[in-house]
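Here's the structure, in structure tokens; my notes come after.
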Amino acid sequence: MRQLNIGICGLGTVGSGVLSVLQNNADIIREKSSCLIHVTHVATRNTNHGCNVENIQFSNDIFEVARDSDIDLVVELIGGTSSALELVMLAISNGKHVVTANKALIAEHGTSILQAAYEANVIVAFEASVAGGIPILKSIREGLVANKINWLAGIINGTTNFILSEMSSKGRSFESVLEEAQKRGYAEADPSFDIEGIDASQKLSILTSMSFGMTLPLDHLFTEGITKIPLKDVYFAKELGFTLKHIGICRDHGEQIEARVHPALIPDSSILSSVNGVSNAVMINGDAVDTTLYYGPGAGSTPTASSVIADIVEVAKSDKNAYSSLGFPVEKLCQRKMLDIDLVECGFYVRFTVVNETGVLSKITKIMADSALSIESIIQRDVEDDSNRVDIVLLSSKTTQSNLSPVLRKITELDSVSDEFVILRVEYLDN
Ligand SMILES: NC(=O)c1ccc[n+]([C@@H]2O[C@H](COP(=O)([O-])OP(=O)(O)OC[C@H]3O[C@@H](n4cnc5c(N)ncnc54)[C@H](OP(=O)(O)O)[C@@H]3O)[C@@H](O)[C@H]2O)c1
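Start counting the sequence shown at 11; every next residue gets the next number (my numbering).
As structure tokens, this is what we get:
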């Protein structure tokens, strides 16, 4: 039976989950994998971690684990990109495999880490860095190996999905749901990483690199969060048959790669529209398989531990020869040109606020028609105050932001139209 001695660095949410699942499910893991996984060393700053570390060497210094000559594999679960990078590079240079859940580390330093791992003939695996408990990277790397990936779209941040789901189903404001998310532990005290889209952007970087064989970090990935979404637009979207979601999309255009993270209206007929709460889901379209869907918990102690342990077992079962966790051999990874967000084709939702007088709507629709932009749907509603204004919501057919922007400028130049308007992308996810 293969044996692997591992050291775990960080006993927070994920680290404590990894240790407890390895302890509680030791028999089933051994039976299924024919591997013996021994946790021989753990390191963390805080001695109040609440984990059972009986018979396990304990250090406050994480680097002790990377220097421990009895350790075959270091599990990095401290987070961040400075000490974590140092730890991972030290482990690699000492000939140890590495498993990490750290999306920031991989999105920023993935290629150099994998290059170092390749040269040292060790494996660096990071399944848990994207979509927590969903084995999405293994699915792309192995299950879809026969495919050229055409596109991928997903809900890859549980916090933003929880906030938008609550706003949509219960009519609650962004601020009140965010407060609840923080109380429930779904969002950090400083939630900007999630709500500004940075977390999703790092995960999409990894998915884009895996799908299209690109070096990390990516040159440019358009990122927009959910902080600027008024509740009324969640409702107008519903009325039009769409659900507002924060999504990440990447697509191969041959010469160029499209990759972006932002809020978007998804048709209610799409499976992604019914992914609610903190769940994650990713759709992948491959040229042989067509569209596939992966759904599950995107975070949490034991779901994330499930993915970390899958990586540990995979390393235990693999031959000593390093494989690239990005699917493509590290020397084949390359930079590819990113498509400018202004040239990405999609539908657009636009809400103008206008003075309530006859003829405004026809002036707006005429400007659209003169610019050869067709309108799929229109809603007109009184603004609920005493200002004698109405909201006009337009859903455009597919176009680009660079086509639409001059038209919107013309519309806001009309006397009765306010300068400020809401604009959101509409994704049909149909090809
Ligand atoms: N939480 C999730 O659901 C989830 C899901 C997927 C991926 N991840 C990723 O998993 C990683 C860990 O996340 P987490 O939620 O488990 O974080 P966490 O709860 O904050 O735990 C981090 C642990 O590492 C320790 N630590 C940090 N820096 C250290 C250092 N320099 N030396 C020694 N110990 C150090 C911390 O000790 P102190 O307590 O003393 O600070 C804490 O025990 C992150 O990269 C995160 O992005 C998390």
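Here a beta-carbon is modelled for each residue, glycine too, at the ideal position from N, C-alpha and C.
Just so it is clear, the structure is predicted and the values come from calculations on it, not from any experiment.
Check                                                                                                          : Outcome
Counterpart residues of ASP71 in DSSP-defined beta bridges                                                     : Answer is none; ASP71 lacks a bridge partner.
Segments of 4+ residues assigned as alpha helix (DSSP H) that fall wholly inside the stretch 340-386           : 370-380
Element boundaries [alpha helix (DSSP H), containing ASN413]                                                   : 411-422
Beta-carbon gap between ILE281 and LEU303 smaller than 7 angstroms                                             : yes
Coil, strand or helix - SER428 by DSSP                                                                         : strand
Residues bridged to GLU268 (per DSSP)                                                                          : ARG261
Close beta carbons around ARG182, own chain, < 7 angstroms, minus the five adjacent residues each side         : GLU176
Burial state of LYS213, where buried means 16 or more other Cβ atoms lie within 10 Å                           : buried
Whole-angstrom C-beta distance between ILE388 and VAL403, which should lie under 8 angstroms                   : 7 angstroms
Within 7 angstroms, strictly: CB atoms of THR169 and ALA191                                                    : yes
Per-residue burial, LYS106 [other beta carbons within 10 Å of its own, 16 or more giving buried]               : buried
Burial state of HIS230 (16 or more Cβ within 10 Å)                                                             : exposed
Whole-number beta carbon distance between ARG270 and ILE351, since they are thought to touch under 8 angstroms : 6 angstroms
Collapsed DSSP secondary structure at VAL285 in the structure displayed                                        : coil
Bounding residues of the beta strand (DSSP E) (the contiguous stretch that carries ALA247)                     : Unbroken run through ALA247 is the alpha helix (DSSP H), 241-249; no beta strand (DSSP E).
Secondary structure of ASN295, DSSP reduced to three states                                                    : strand
Closer than 6 angstroms: SER69 CB and nearest ligand 1 heavy atom                                              : no
Strand pairing of GLU86, partner residues [DSSP]                                                               : CYS19 and THR110
Coarse secondary structure for MET224, derived from DSSP in three states                                       : strand
Ligand 1 heavy atom lying under 6 angstroms from the CB of VAL288                                              : no
Heavy atom of ligand 1 within 6 angstroms of VAL24 beta-carbon                                                 : yes
Under 7 angstroms between C-beta atoms of SER317 and GLU118                                                    : no
Beta strand (DSSP E) segment containing ASP401, residue limits                                                 : 399-406
Rounded Cβ spacing between GLY164 and ILE205 (contact assumed at less than 8 angstroms)                        : No, GLY164 and ILE205 are not in contact; Cβ-Cβ is about 18 angstroms, not under 8 angstroms.
Proximity test, ARG55 beta-carbon vs ligand 1 heavy atom, cut-off 6 angstroms                                  : yes
Contacting residues, own chain, Cβ-Cβ under 6 angstroms from GLN13 (five flanking each side not counted)       : LEU46
Span separating the alpha-carbon of GLY120 from that of LYS42                                                  : 30 angstroms
For TYR333, the three-state DSSP class (helix, strand or coil)                                                 : coil
The stretch 392-406 in contact with the stretch 339-354 per 3-pair CB rule at 8 angstroms                      : no
Reduced DSSP category for VAL436 - H, G, I as helix; E, B as strand; rest coil                                 : strand
Given 8 angstroms, three or more beta-carbon pairs between the stretch 79-88 and the stretch 352-366           : no
Alpha-carbon to alpha-carbon, PRO313 and THR410                                                                : 39 angstroms
Unbroken stretches of the beta strand (DSSP E), 3 residues or longer, contained in the stretch 140-214         : 159-165
CA nearest to the CA of SER283, picked from VAL132, PHE252 and SER328                                          : PHE252
Of the residues ILE208, PRO227 and GLY207, the one placed nearest ILE216, counting alpha carbons only          : PRO227
Pair within 7 angstroms by beta-carbon distance, ASN104 and ALA126                                             : no
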